[in-house]
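Asks: Numbering (the working numbering), first residue to last: 1000 to 1182. Got a structure for you, questions after.
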């Protein structure tokens, strides 16, 4: 079902887009910081890990409870006909990849954390969310590798998305300025 007409995404879709973009960028930034730069003896190490996990839970809840249902109900405005067909196909594939990764990255992080035997806190509201996977070192390593790889794919996709927005905004015809659809 598509209740959307016009050239802009519905207001709720735009709010969710920018909110989730900020949360995802924060989670990705924290993830890179945790793995690459955070001292194993840092006093705030656990707090940073807990914040990263909490942001992942928020992304997962937002995508499942709001973003996907809103997209399914309201749809998206059609892409400009002036865009080359290959760009329209790439846009659709990118959209599918984003939705897959917005589910897969936090879910694999959750499963990895469970399999390593660690709790998944939700900010300071609870010390531990439901364990949905038992302790299993072999699977934990597989979840960890998938989580890391898919997070880097998500980061690459975000980068390409931003570059595409810049291209359409500053180098294409005015009718191809896709930023107007999401602003």
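All C-beta atoms in this analysis are idealised placements derived from N, C-alpha and C, irrespective of residue type, glycine included.
(1) When burial is assigned at 16 or more other CB atoms within 10 Å of the CB, is residue 1113 buried or exposed?
(2) In whole angstroms, what is the alpha-carbon distance linking residue 1042 and residue 1048?
(3) Between residue 1158 and residue 1078, what straight-line distance do the alpha-carbon atoms span, to the nearest angstrom?
(4) Is the segment 1117-1124 close to the segment 1051-1062, with three or more CB pairs under 8 Å?
(5) Kindly indicate which residue of 1161, 1050, 1015 has the alpha-carbon position closest to the one of residue 1127.
(6) In three-state terms, what does DSSP make of residue 1121?
(7) If you run the structure through DSSP and keep just helix, strand and coil, what is residue 1017?
(8) Please classify residue 1116: does DSSP put it in a helix, a strand, or coil?
(9) Is residue 1010 helix, strand or coil when you go by DSSP?
(10) DSSP state of residue 1107, grouped into three classes?
(11) Measure the alpha-carbon distance for residue 1013 versus residue 1182 and round it to whole angstroms.
(12) Which of the three DSSP states is assigned to residue 1029 in this structure?
(13) According to DSSP, simplified to helix, strand and coil, what is residue 1149?
(14) Please report the residue range of the alpha helix (DSSP H) in which residue 1076 lies.
(15) Roughly how many whole angstroms lie between the Cα atoms of residue 1101 and residue 1173?
Replies: The answer reads as follows:
(1) The residue you call residue 1113 lines up with position 114 of the chain shown. By the 16-neighbour rule on beta-carbons within 10 angstroms, residue 1113 is buried.
(2) To locate residue 1042, count along the chain shown from 1; it is residue 43. To locate residue 1048, count along the chain shown from 1; it is residue 49. Cα to Cα, residue 1042 sits roughly 12 Å from residue 1048.
(3) Taking the first residue of the chain shown as 1, we reach residue 1158 at position 159. Taking the first residue of the chain shown as 1, we reach residue 1078 at position 79. Going by the C-alpha atoms only, they are around 20 Å apart.
(4) yes
(5) Translated into the one-based positions of the chain shown, residue 1127 becomes position 128. Looking at the Cα atoms, 1050 is the closest of the given residues.
(6) Residue numbering aside, residue 1121 sits at position 122 when the chain shown is read from its first letter. Correct three-state label for residue 1121: strand.
(7) The sequence position of residue 1017 within the chain shown is 18, counting from 1. It is helical.
(8) Taking the chain shown and counting its residues from 1, one reaches residue 1116 at position 117. Three-state result, residue 1116: coil.
(9) Your numbering for residue 1010 matches position 11 in the chain shown. If DSSP states are grouped into helix, strand and coil, residue 1010 belongs with the helices.
(10) Along the chain shown, one-based indexing puts residue 1107 at 108. Of the three classes helix, strand and coil, the one that applies to residue 1107 here is helix, per DSSP.
(11) Residue 1013 sits at position 14 when you count from the first residue of the chain shown. Residue 1182 sits at position 183 when you count from the first residue of the chain shown. Taking the straight line from one Cα to the other gives about 7 Å.
(12) Locating residue 1029 in the chain shown gives position 30, where the first residue counts as 1. Helix, per DSSP.
(13) As a working note, residue 1149 is residue 150 in the chain shown. If DSSP states are grouped into helix, strand and coil, residue 1149 belongs with the helices.
(14) Numbered from 1 along the chain shown, position 77 holds the residue referred to as residue 1076. Per DSSP, residue 1076 belongs to no alpha helix (DSSP H) and is neither H nor E.
(15) Taking the chain shown and counting its residues from 1, one reaches residue 1101 at position 102. Taking the chain shown and counting its residues from 1, one reaches residue 1173 at position 174. For residue 1101 and residue 1173, the distance between alpha carbons rounds to 30 Å.
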